[in-house]
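Undergrad: Once you've had a glance at the structure underneath, I'll fire off some questions.
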Amino acid sequence: MLNLKIGTLTTSLLLIATIAMAQDDAEMEKNYQEKLQKKFVKKIEWVMSLEEAQKISEKKGLPILAYFTRSYAP
8 MLNLKIGTLT TSLLLIATIA MAQDDAEMEK NYQEKLQKKF VKKIEWVMSL
58 EEAQKISEKK GLPILAYFTR SYAP
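Whatever position you read off the sequence shown (first residue = 1), add 7 for this note's numbering.
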């Protein structure tokens, strides 16, 4: 009987954690999409790798602006 209760509790906790993570992912995606609509995002040529940024920087003689965040990354 105790094993059944522990198993049920464990399953419930895993289910709650899975639902919470899915909600967090949905909220992060929403925040990410909202951030993409900001003016500053559209005014700058954004790239996803340092190597690509270095090539553009060297070619155009521009500095590299790094924007690090996890809060909006799905």
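Note that CB positions come from ideal geometry on N, CA and C, so glycine has one too.
Measuring CA to CA, which of 69, 38 and 32 is closest to residue 51?
TA: The shortest Cα separation from residue 51 among 69, 38 and 32 belongs to 69.
Undergrad: Considering only the alpha carbon of each residue, which of 35, 72 and 34 lies closest to residue 56?
TA: 72
Undergrad: DSSP three-state label for residue 59, please.
TA: helix
Undergrad: If you draw a straight line from the C-alpha of residue 39 to the C-alpha of residue 33, how long is it?
TA: Their backbone Cα atoms lie some 10 Å apart in a straight line.
Undergrad: Skipping 5 residues on each side, what residues in its chain have a beta carbon closer than 8 Å to that of residue 63?
TA: 52, 54 and 69
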